[in-house]
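Peer 1:
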Amino acid sequence: MLAARLCFSEIEPLIARLTSLLWHGGPAACRPPCPAARAVASRVAAARRGAVVREAGDPRAALHVPGRVLAGGEAAADRWPERRAAPRRRVPRHHAHPAAAVPQMGRRLCKTFLFWIGPIPAIFSIDLQLIKQVLTDRTGLYQKDFMIPVLKSLFGNGVILINGDDWKRHRKVVLPAFNYEKIKSMSAVTAEVTRQMIQQWGEQIHQSNSDKKAAEIDMIHAFNDLTANINGRVAFGTTHRDVEEVIVLMREMQKIATAAMLDAPILWYLPTRRNLHVRRLNKQLRSKIMSIMQARLAADGAKYGRGDTGSCGDDLLGLLLEAWTPHRQVRGGDTLTTDEVIDECKTFFAAGQETTATLLVWAMFLLAVHPQWQDKVREEVLREFPGGDSDDVVPNADVLAKLKLLHMALLETSRLYPPVVYIQRKAASDTVLGGIKVTQGTIISIPIGMLHRDKEVWGPDANEFNPMRFEQGVTKAAKDSKALLTFSLGPRVCTGQNFGIVQVQVVMAMILSKFSISLSPAYVHKPKYLLSLTPRLGMPLILRNLL
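Position 494 of the sequence shown, counting from 1, maps to 481 under this note's numbering, and the rest follow consecutively.
#1: Cα-Cα, which of K501, G428, I207 is closest to L534?
#2: Using C-beta distances below 6 Å, list every residue in its chain close to H11, excluding the 5 sequence neighbours before and after it, in chain order.
#3: What is the DSSP secondary structure of A310, counted as helix, strand or coil?
#4: What's the gap between the Cα of V52 and the Cα of T99?
#5: On the DSSP letters alone, give me the boundaries of the beta strand (DSSP E) that I276 sits inside.
#6: Excluding the 5 residues preceding and the 5 following N269 in the sequence, name in chain order all residues of the same chain whose CB lies nearer than 7 Å to its CB.
#7: Are the beta-carbon atoms of L390 and E366 separated by less than 7 Å?
#8: Mind checking who H394 pairs with in its DSSP beta bridge?
#9: Within the same chain, show all residues whose beta-carbon is closer than 6 Å to that of G339, passing over the 5 residues directly before and after it, in chain order.
#10: How far does the beta strand (DSSP E) with R456 in it extend, from its first residue to its last?
#11: So is L392 buried or exposed if we call it buried at 16+ other beta carbons inside 10 Å?
#12: If you measure between the beta carbons of P382 and A496, is that distance less than 7 Å?
#13: Are at least three pairs of beta-carbons, each pair with one atom in the segment 137 to 152 and one in the segment 446 to 461, less than 8 Å apart?
#14: Can you look up R125 in the DSSP assignment and give me helix, strand or coil?
#15: By the 10 Å Cβ neighbour count, where 16 or more other Cβ atoms means buried, how is I249 classified, buried or exposed?
#16: Decide if L438 is buried, meaning its Cβ has at least 16 other Cβ atoms within 10 Å, or exposed.
#17: Roughly how many angstroms lie between the CA atoms of M351 and I504, to the nearest whole one?
#18: Provide the residue span of the beta strand (DSSP E) that contains R434, from first to last.
#19: DSSP state of H157, grouped into three classes?
#20: Under the rule that 16 or more other beta-carbon atoms within 10 Å means buried, what is H81, buried or exposed?
#21: Just the C-alpha distance for V407 and K424, rounded to the nearest angstrom, thanks.
#22: State the DSSP-derived secondary structure class of P108, mapped to helix, strand or coil.
#23: Who are the Cβ neighbours of E231 in its own chain at under 8 Å, not counting the five residues just before and after it?
#24: With a threshold of 16 other CB atoms inside 10 Å of the CB of Q427, please say whether the residue is buried or exposed.
#25: Which residue or residues does DSSP assign as beta-bridge partners of D205?
#26: Quick check: I435 and P454, are their CB atoms within less than 7 Å of each other?
#27: Which of helix, strand or coil does DSSP assign to K413?
#28: Would you mind sorting R125 into buried or exposed? The rule is 16 or more other CB atoms within 10 Å of its CB.
#29: Check this for me: beta carbons of L524 and S507, under 7 Å apart or not?
#30: For the pair the segment 202 to 216 and the segment 175 to 194, tell me if three or more CB-CB distances fall below 8 Å.
#31: Look up S475 in the DSSP assignment and say whether it is helix, strand or coil.
#32: Is the separation between the beta-carbon of I207 and that of V356 shorter than 7 Å?
#33: Report buried or exposed for K413, applying the criterion of at least 16 other Cβ atoms within 10 angstroms of its Cβ.
#34: Where DSSP assigns a beta bridge to V407, which residues make up the other side?
#35: Taking the CB atoms as reference points, tell me whether G145 and D330 lie closer together than 7 Å.
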């Protein structure tokens, strides 16, 4: 076994290079990768020219219906653009994203088109009727499915990845952690951790050599640390020594998962150094979370295996432990296995930490680029939250409900820069979707960023920052009431969306009551599409004390 690993380690760089060239090889890489698939694409192209299309032996031939054919055949593939880096711009013009293959194809072809992920057919669509058919389905026909194994390692089989009865069971256990009363207690944790960050920023400004008493801070690092600490404490509690180690391990796995998305698919399944490292991290993570679970049971006086009805706490970990199979042997109800409890802890951290941090980063950026809106929002915060500069005042639910301009600015941020770039489903069986015959195993991918900038839906100013579009609420902001998909739609809508919104509101209100923000001259506008939509070259902003 050791010899095999040594041999593989010697050829691994060569394999990585070859697969990278094959996978990212320009326009040819966009074409269907096998003869059978090419035949399907040729028939699709022929149908577009008015020729008769006949069913063939390849099951993917069903990816069309006469008279309504998906764009994206062989001829269209020849016109697809090469992947080029976007030109560097310091301040964005109309907040346009860098050129990316899929958005360009959408603009050149149509609202629904066929794309190939290696040998797998994928339908990309910003057709809202088709999207609603997929996301509001309650039959289990369109299931969640992650093709990248390292993402499975990161999220585990938690509530955001599983399907069917398992999803219903997990959701029933997890959902109470995000009710109104629980979110209020989470807000206190958010405010406490944010106050510590603000104090550190104040010290940096005080120690600054600048005459203007300002400090340049990279918001990506700051908000990633902030949300990691908040989510770690909300999920696992505040006292156990293993919590910090869990946070470190999860952050490392997030970095690996992000990098793996650029790999050729063959590398996801080979025993590369990265994949072996992920296994080691998973083992360490499981051990640390188990230690936290056992410590919570002991600290809360829960009698393991004796049928005691004592509470394990009212946070997420407490609710999961209440449903943990050994602890619920005698009490009945929905239960979770040990692996399921661990996976739900990982899911909460991984799904909530980076997306919340990303939304905070882009919200700060947009208010820095649009100082008139920054002033409006700050004026509202200081009026409705006059104690914001005090160290012992926490913005409660009543205060947050009055911060309408802040909420509108955050909704507009999530429209222009959605933290999650795509919503993805997989057809569990052959079906008809929006009049298109779709075979089992086809990926349905919804590019949120494209939909959120569709001028037919959002109007001619779709690429501009205009929070006033949300003045009458989300349902009146666009031509379709379901056009904002930041937190998805239907039964699989994000479970923690209310916590995420409240968390961002608390952080933003506390920051704006203390500092003014502006864009650093060092900033280069170059968002990247990976696990989430983040600034490729950092987000340096300049902070100044208000007083």
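We put the CB at the ideal spot given by N, CA and C, even for glycine.
Peer 2: The short version:
#1: Your numbering for residue 534 matches position 547 in the sequence shown. Of K501, G428, I207, the residue nearest in Cα terms is K501.
#2: Taking the first residue of the sequence shown as 1, we reach residue 11 at position 24. Confidence at H11 is low in this model, with a pLDDT of 45, below 50, so its placement is unreliable and no value can be given for it.
#3: The sequence position of residue 310 within the sequence shown is 323, counting from 1. Looking at A310 - three-state DSSP - the assignment turns out to be coil, as it is neither helix nor strand.
#4: On the sequence shown, position 65 is the one that residue 52 refers to. On the sequence shown, position 112 is the one that residue 99 refers to. Residue placement at V52 is poorly supported in this model, since its pLDDT is 30, which falls under 50; the coordinates are not used for a value here.
#5: By one-based count along the sequence shown, residue 276 stands at place 289. Where I276 is concerned, there is no enclosing beta strand (DSSP E), although the alpha helix (DSSP H) it sits in stretches over 260 to 286.
#6: Position 282 of the sequence shown holds residue 269. Excluding residues within five positions, the ones whose Cβ falls inside 7 Å are S140.
#7: As a first step, residue 390 is located in the sequence shown; it is residue number 403 there, counting from the start. As a first step, residue 366 is located in the sequence shown; it is residue number 379 there, counting from the start. Going by C-beta atoms, L390 is not nearer than 7 Å to E366.
#8: The sequence position of residue 394 within the sequence shown is 407, counting from 1. Beta-bridge pairing links H394 to no other residue.
#9: Position 352 of the sequence shown, counted from the first residue, corresponds to residue 339. Answer for G339: N218, G483, listed in chain order.
#10: Along the sequence shown, read from residue 1 onward, the residue named residue 456 stands at position 469. First-last for R456: undefined, no H or E at that position.
#11: Start at 1 with the first residue of the sequence shown, and residue 392 comes out as number 405. By the 10 Å Cβ count, L392 comes out buried.
#12: Along the sequence shown, read from residue 1 onward, the residue named residue 382 stands at position 395. Along the sequence shown, read from residue 1 onward, the residue named residue 496 stands at position 509. In this structure, A496 lies closer than 7 Å to P382 by Cβ.
#13: no
#14: Counting from one through the sequence shown, the residue named residue 125 turns up at place 138. If DSSP states are grouped into helix, strand and coil, R125 belongs with coil.
#15: Your numbering for residue 249 matches position 262 in the sequence shown. It is Leu, not Ile, that sits at residue 249 in the sequence shown. Its Cβ having fewer than 16 others within 10 Å, L249 is exposed.
#16: For this step, residue 438 is matched to residue 451 along the sequence shown. Buried, because 16 or more other Cβ atoms sit within 10 Å of the Cβ of L438.
#17: Within the sequence shown, the letter at position 364 stands for residue 351. Within the sequence shown, the letter at position 517 stands for residue 504. Near 8 Å, if we compare the C-alpha coordinates of I504 and M351.
#18: Taking the sequence shown and counting its residues from 1, the one referred to as residue 434 is at position 447. Arg is not the amino acid found at residue 434; the sequence shown has Pro there. Here the beta strand (DSSP E) through P434 covers 430 to 434.
#19: Start at 1 with the first residue of the sequence shown, and residue 157 comes out as number 170. Helix at H157.
#20: Within the sequence shown, residue 81 is the residue found at index 94, counting from 1. The predicted model places H81 with a pLDDT of 46, which falls under 50 and marks its position as unreliable; any figure quoted below should be read in that light. Label assigned to H81: exposed.
#21: Here residue 407 is taken as the residue at index 420 of the sequence shown, counted from 1. Here residue 424 is taken as the residue at index 437 of the sequence shown, counted from 1. Using only the alpha carbons, I get a separation of about 28 Å.
#22: As a working note, residue 108 is residue 121 in the sequence shown. Looking at P108 - three-state DSSP - the assignment turns out to be strand.
#23: Your numbering for residue 231 matches position 244 in the sequence shown. Contacts found: G219.
#24: Against the sequence shown, residue 427 aligns to sequence position 440. Exposed is the call here.
#25: By one-based count along the sequence shown, residue 205 stands at place 218. Answer is P527.
#26: Counted from its first residue, the sequence shown places residue 435 at position 448. Counted from its first residue, the sequence shown places residue 454 at position 467. Not a contact, by the Cβ cut-off of 7 Å.
#27: Counting from 1 along the sequence shown, the entry for residue 413 is found at position 426. It is a strand residue.
#28: The count along the sequence shown starts at 1 and reaches residue 125 at position 138. R125 comes out exposed.
#29: The residue given as residue 524 occupies position 537 in the sequence shown. The residue given as residue 507 occupies position 520 in the sequence shown. No.
#30: yes
#31: Sequence index remark: in the sequence shown, residue 475 carries index 488 (1-based). Reduced to three states, the DSSP call for S475 is coil.
#32: Position 220 of the sequence shown holds residue 207. Position 369 of the sequence shown holds residue 356. No, they are not a contact pair.
#33: Along the sequence shown, read from residue 1 onward, the residue named residue 413 stands at position 426. Its Cβ being crowded by 16 or more others within 10 Å, K413 is buried.
#34: By 1-based counting over the sequence shown, the position of residue 407 is 420. Beta-bridge pairing links V407 to no other residue.
#35: The residue given as residue 145 occupies position 158 in the sequence shown. The residue given as residue 330 occupies position 343 in the sequence shown. Yes, Cβ-Cβ distance for G145 and D330 is below 7 Å.
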